[in-house]
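**Student:**
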Amino acid sequence: MWAWGCVERVAAGLLGPVGGAYGGGRWNTAVAVGVTAAAGLALVVIVVSSRRGGLKSPWWRRRKKAALKAQEWVSLFTPEGKLQDGGVKLLKKVRSGGIEPSIRAQVWPFLLGVYSLDSSEAERDAVKAQNRNGYQLLRKQCLQKSVYSNEKSKRSNETAGANHVACVSSEKEAHLVSEGNPLVNLEEEVQDDTSKASPEKPMDGNHSSSGSSNKEDSEKSGLTHVETSHMDVASVQQSLTEDEQESVPRYSSTGGNMEDDSELSKAARPVKSARTLEDFETWQRIIRLDAVRANDEWVSYSPSQAVVSREKAIESAKAVCLKDYEHLEPHRIHHASRLVAILEAYAIYDPEIGYCQGMSDLLAPLLAVLEDDNEAFWCFSGFMRKARHNFRLDEAGIRRQLNMVARIIKYKDLHLYRHLEMLQAEDCFFVYRMVVVMFRRELTFEQTLSLWEVMWADQAANRAGIAKSSLGKLRLGAPPTDDLLLYAIAASVLQKRKLIIESYSSMDEIIRECNSMAGQLDIWKLLDDAHDLVMTLHDRIE
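Numbering (our numbering), first residue to last: 374 to 915.
1. By the 10 Å Cβ neighbour count, where 16 or more other Cβ atoms means buried, how is His708 classified, buried or exposed?
2. Keeping to the same chain, check which residues put their C-beta closer than 8 Å to that of Glu702; ignore five residues upstream and five downstream.
3. If you follow the alpha helix (DSSP H) that Tyr860 is part of, which residue opens it and which one closes it?
4. With H, G and I counted as helix, E and B as strand and the rest as coil, what does DSSP make of Phe802?
5. Quick check: is the beta carbon of Cys887 nearer than 8 Å to any beta carbon in chain D?
6. Starting from Thr655, trace the alpha helix (DSSP H) both ways and give me its first and last residue.
7. If you reduce the DSSP assignment to three classes, tell me which class Ile726 lands in.
8. Is Leu449 helix, strand or coil when you go by DSSP?
9. To the nearest angstrom, report how far apart Arg885 and Arg806 are at their CA atoms.
10. If I follow the unbroken alpha helix (DSSP H) through Asp901, where does it start and stop?
11. Which residues in the same chain as Gly459 place their Cβ atom closer than 8 Å to its Cβ, once the five residues preceding and following it in sequence are excluded?
12. Which value, in whole angstroms, describes the spacing of the CA atoms of Trp751 and Leu511?
13. Would you call Thr854 buried or exposed, if buried means 16 or more other Cβ atoms sit within 10 Å of its Cβ?
14. Quick one, which of Trp656, Leu743 and Glu684 has its alpha-carbon nearest Tyr722's?
15. Are Ala749 and Ile782 closer than 8 Å when you measure CB to CB?
16. Who are the near neighbours of Leu899 in its chain, counting only those whose CB is closer than 7 Å to its CB and skipping five residues on each side?
17. Let me check one thing: in DSSP terms, what residues is Leu456 bridge-paired to?
18. Would you report the Cα separation of Gly507 and Val500, rounded to the nearest angstrom?
19. Could you have a look at Leu793 and say whether DSSP puts it in helix, strand or coil?
20. Just list the residues that DSSP pairs Leu510 with in beta bridges.
21. Taking the CB atoms as reference points, tell me whether Gly471 and Ser823 lie closer together than 8 Å.
22. Determine the extent of the alpha helix (DSSP H) in which Trp751 is found, giving its start and end residues.
23. Per DSSP, Leu736 forms a beta bridge with which residues?
24. Measure the alpha-carbon distance for Leu559 versus Ala718 and round it to whole angstroms.
25. Can you give me the C-alpha to C-alpha distance between Asp734 and Arg813, rounded to a whole angstrom?
26. Using the DSSP secondary-structure output, state which residues sit across from Ile472 in a beta bridge.
27. Can you tell me which of the three DSSP states Ser646 falls into?
28. Kindly give me the distance between the Cβ atoms of Ile660 and Val713, rounded to whole angstroms, as I take these residues to be in contact under 8 Å.
29. Roughly how many angstroms lie between the CA atoms of Phe818 and Leu743, to the nearest whole one?
What follows is the structure, encoded as structure tokens:
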């Protein structure tokens, strides 16, 4: 009403007293109509601006958007089992509101490139079958290489003449540690957040991997690490044949099987590696330390896994020869065993990266949603298509991302960037942890899943080329980006700009502030601000 009063006063000044100069009546009427129309527009602008709180992003209604529900999910498919409109509606829905927890296990394989967005049900069934075989072969090689099973068995054979596969006994494990693999040194290495167990020669290309099976399939023919560990001993002791190595699935950048693609050279195929047995042994030890130390914040989210019996938990531990778990509750033993099985398989699948601390942080939330190991492995591999560069020994991927966060801040808020320069913090090293484990430590469990699935939807849109079409751009709104996480990280810093500029005089203080964000962030406002930055800076940054 204040705005309308201002308009009335302006109109009165323009019109003057009635009965003025000749022809004033018509003139006054015309002016009155024009001013009234302008007043209406001004009122709309003021109301909209006040509601939006000054945000420029078209995503300002984001917190009012509902998550993708089970009924909506089913309605997205044609009778042939294909997603309608190439998955555009699916991606738009996920980007604006996330996914209802009950259907995440069904939707994630599409977002992570396990299935192509234009695949039919029959094609997905074929992918599931191939992936089950591929995961079995990877676990087979894990057992073959394992210092805790096959290698220890060979040493036992030399001394006792036995011909069997067994887990390392505590006495001989102690002997093994004393022969050049001190556990104390390893623990010190793992405690450092930036410690690496990856190989010395990084690989620049992304691995595109995929595959999954639903719960019903896993009950019929899916493989868990327990089942895989009980394979015929003779087959475990044999090397993988060339044909078996060729059978491990490989996937295109758009998701789905890629049997006829000639662009992937033999050197890029996941099972083949120039790494030595000692490398895998090192990864195994660090994986086990991280797995046993993993927290159980996922318990309330996955009650079915939280009530696992101690007998089943111990069986899981024995399947991967896990030790030193006696102090853990059954659900934590089972969770640690699943971490070991999948992370070992990934170290075989992507030997250029192997295993580095922090990868277990990325896998743990997936295990809470995906109860079948085979399905969880291929979704994790799809996740690592982008995230693997966070774990390169030369940290080239981390430096690129930190540089991008710095440029976003510079283009959006030069005043804040100048202050960071003054503090010698313009390299944005204070968000290192956020980049490496993708906000995992700063967000709650549910917030992490919400952020990641929106991020995956952006990446899926890019992989499928949806953003390149004019229709796709129009329907998706803000342009999808492979680096939404970095825009979100920059947004979290910009939200603290006043505090940083007025109160902080060193980078250490900013690091402490960033590390104390845990539980304080509004994930949907953060995504809103991140998309605002994408809308404003996408063409300049990317």
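Idealized CB from N, CA, C, for every residue including glycine.
**Tutor:** Taking the structure as given:
1. Numbered from 1 along the sequence shown, position 335 holds the residue referred to as residue 708. Classification of His708: buried, given that the 10 Å Cβ count is 16 or more.
2. Numbered from its first residue, the sequence shown carries residue 702 at position 329. Same-chain partners within the cutoff: Asp669.
3. Start at 1 with the first residue of the sequence shown, and residue 860 comes out as number 487. Leu857 to Leu867 is the span of the alpha helix (DSSP H), which, as asked, contains Tyr860.
4. As a first step, residue 802 must be located in the sequence shown, where it is residue number 429. Looking at Phe802 - three-state DSSP - the assignment turns out to be helix.
5. In summary, chain D is missing from the structure at hand, where a single protein chain is found.
6. Taking the first residue of the sequence shown as 1, we reach residue 655 at position 282. Note, Thr655: alpha helix (DSSP H), Leu650 to Arg666.
7. For the purposes of this step, residue 726 is taken as the residue at position 353 of the sequence shown. Three-state DSSP puts Ile726 in coil, outside helix and strand.
8. If you number the sequence shown from 1, residue 449 lands on position 76. Leu449: coil per DSSP, three-state reduction.
9. Against the sequence shown, residue 885 aligns to sequence position 512. Against the sequence shown, residue 806 aligns to sequence position 433. About 12 Å.
10. As a first step, residue 901 is located in the sequence shown; it is residue number 528 there, counting from the start. That run of the alpha helix (DSSP H) goes Ile896 to Ile914.
11. The count along the sequence shown starts at 1 and reaches residue 459 at position 86. Excluding sequence neighbours, Gly459 sits near Leu490, Asp491, Ala837 and Ile839.
12. Taking the first residue of the sequence shown as position 1, residue 751 is located at position 378. Taking the first residue of the sequence shown as position 1, residue 511 is located at position 138. Using only the alpha carbons, I get a separation of about 12 Å.
13. Here the question's residue 854 lines up with position 481 in the sequence shown. Buried, since its Cβ has 16 or more Cβ neighbours within 10 Å.
14. As a working note, residue 722 is residue 349 in the sequence shown. Measuring from the Cα of Tyr722, the nearest candidate turns out to be Trp656.
15. Residue numbering aside, residue 749 sits at position 376 when the sequence shown is read from its first letter. Residue numbering aside, residue 782 sits at position 409 when the sequence shown is read from its first letter. The answer is no: Cβ separation not under 8 Å.
16. Reading the sequence shown from its first residue, position 526 is the one you call residue 899. Ala861, Ala864 and Ser865, listed in sequence order.
17. In the sequence shown, counting from the first residue as 1, residue 456 sits at position 83. Its beta-bridge partners are Phe450.
18. By 1-based counting over the sequence shown, the position of residue 507 is 134. By 1-based counting over the sequence shown, the position of residue 500 is 127. Those two C-alpha atoms are separated by around 10 Å.
19. For this step, residue 793 is matched to residue 420 along the sequence shown. Three-state result, Leu793: helix.
20. Within the sequence shown, the letter at position 137 stands for residue 510. None, per the DSSP bridge assignment.
21. For the purposes of this step, residue 471 is identified with residue 98 of the sequence shown, where counting begins at 1. For the purposes of this step, residue 823 is identified with residue 450 of the sequence shown, where counting begins at 1. Yes, Cβ-Cβ distance for Gly471 and Ser823 is below 8 Å.
22. Walking along the sequence shown from the start, residue 751 turns up at place 378. That run of the alpha helix (DSSP H) goes Asp746 to Ala760.
23. Here the question's residue 736 lines up with position 363 in the sequence shown. Answer is none; Leu736 lacks a bridge partner.
24. Taking the sequence shown and counting its residues from 1, the one referred to as residue 559 is at position 186. Taking the sequence shown and counting its residues from 1, the one referred to as residue 718 is at position 345. Because Leu559 carries a pLDDT of 32, less than 50, the predicted location of this residue cannot be relied on, and the following value inherits that uncertainty. Straight-line Cα distance between these residues: approximately 21 Å.
25. Locating residue 734 in the sequence shown gives position 361, where the first residue counts as 1. Locating residue 813 in the sequence shown gives position 440, where the first residue counts as 1. Their backbone Cα atoms lie some 7 Å apart in a straight line.
26. Translated into positions along the sequence shown, residue 472 becomes position 99. In the DSSP output, where bridge partners are listed per residue, Ile472 has Leu441.
27. For the purposes of this step, residue 646 is identified with residue 273 of the sequence shown, where counting begins at 1. Here the model assigns Ser646 a pLDDT of 48, short of 50, so the residue's position is not dependable, and the following value carries that caveat. Three-state result, Ser646: coil.
28. Position 287 of the sequence shown, counted from the start, is the residue given in the question as residue 660. Position 340 of the sequence shown, counted from the start, is the residue given in the question as residue 713. Indeed, because the Cβ distance is near 6 Å, the residues count as touching under 8 Å.
29. Along the sequence shown, read from residue 1 onward, the residue named residue 818 stands at position 445. Along the sequence shown, read from residue 1 onward, the residue named residue 743 stands at position 370. About 15 Å.
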